[in-house]
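Have a look at the structure below, then the notes.
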Ligand SMILES: C[S@@+](CC[C@H](N)C(=O)[O-])C[C@H]1O[C@@H](n2cnc3c(N)ncnc32)[C@H](O)[C@@H]1O
């Protein structure tokens, strides 16, 4: 089934609540606040930054003023339309249609100082290792990722309810949620990320848990 989730099928003509923190339960609002603080601290400066999976462009107004260049990649029409509308207000932002599995064919090697792949974007892709290998090739310094941490099934159920995403199946053993609209969203332990990082020839430089529900990881070359 072609995934309709990021084309907005759960929200009709309404807002894409899944990427709008105003609609989130408390813990997820806190997660977003903590993540935004970290991103600002890590990315500020004369840096070229890639956001892999830019979504509706939620972070553009916050990151564009503090970096040299911000590039967002996405493959969903709705996300590209919305992020382009926001990017038009900032002269140092570019939005590019592309597959996260194909980053090394889109950008020159080591073009970006930093890359970010956040809000569990990694948990939506088919092949995490392929995405991280591509990110590693196009990034000089660190790659920052955030993913759902395992052990938070109840919090996740609550989050999907709050933003209005009908869930069709939960694989409780592996902690994967499936929506009627085709979303498949995984969660990870630190050990899972260690394995994926190793297979991608990356190492974990730092990690922390945000608001009890999200794992923040800084990855760098081995
Ligand atoms: C969970 S959203 C996160 C959006 C944004 N980073 C944020 O924090 O608000 C994931 C985004 O990645 C995009 N995406 C998922 N898989 C992709 C892929 N294989 N190639 C390109 N974009 C992808 C989706 O369309 C969506 O916009």
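In the numbering used here, the protein residues as written are 293 to 514. Where is the CB? At the ideal position from N, CA and C, for every residue including glycine. Predicted model only: the values in this text are computed from it and were never measured.
In this structure, residue 326 sits away from residue 436, with a CB-CB distance that is not shorter than 9 Å. The closest heavy atom of ligand 1 lies 8 Å or more from the beta carbon of residue 406. When the Cα atoms are used, residue 378 and residue 322 turn out to be separated by approximately 24 Å. Restricting attention to alpha helix (DSSP H) runs no shorter than 4 residues, the stretch 340–386 encloses them at 352–355 and 369–379, ordered along the chain. Going by beta carbons, residue 489 and residue 423 fall outside the 9 Å limit. Residue 302 places its beta carbon less than 9 Å from that of residue 471. Assignment of residue 328 by DSSP, reduced to helix, strand and coil, places it in the helix class. Per DSSP, reduced to three states, the secondary structure at residue 303 is coil, with no helix or strand assignment. Going by C-alpha positions, residue 297 is about 19 Å away from residue 364.
Relative to ligand 1, residue 332 has its C-beta separated by 8 Å or more from all heavy atoms. Sequence-distant partners of residue 396 (beyond 5 residues in either direction) whose C-beta falls short of 8 Å from its own C-beta, in its chain, are 425, 426, 429 and 430. DSSP places residue 452 inside the alpha helix (DSSP H), whose first and last residues are 445–455. Leaving aside the five residues that flank residue 486 on each side, the residues in its chain whose CB is nearer than 8 Å to its CB run, in chain order, 496.
Checking the 8 Å criterion, the Cβ of residue 432 is out of range of every heavy atom belonging to ligand 1.
Under DSSP, the beta-bridge partners assigned to residue 463 are 468. Rounded to the nearest angstrom, the gap between the Cα atoms of residue 311 and residue 371 is 10 Å. Counted as a single uninterrupted DSSP element, the alpha helix (DSSP H) harbouring residue 428 occupies residues 420–430. The beta carbons of residue 342 and residue 403 sit closer together than 9 Å.
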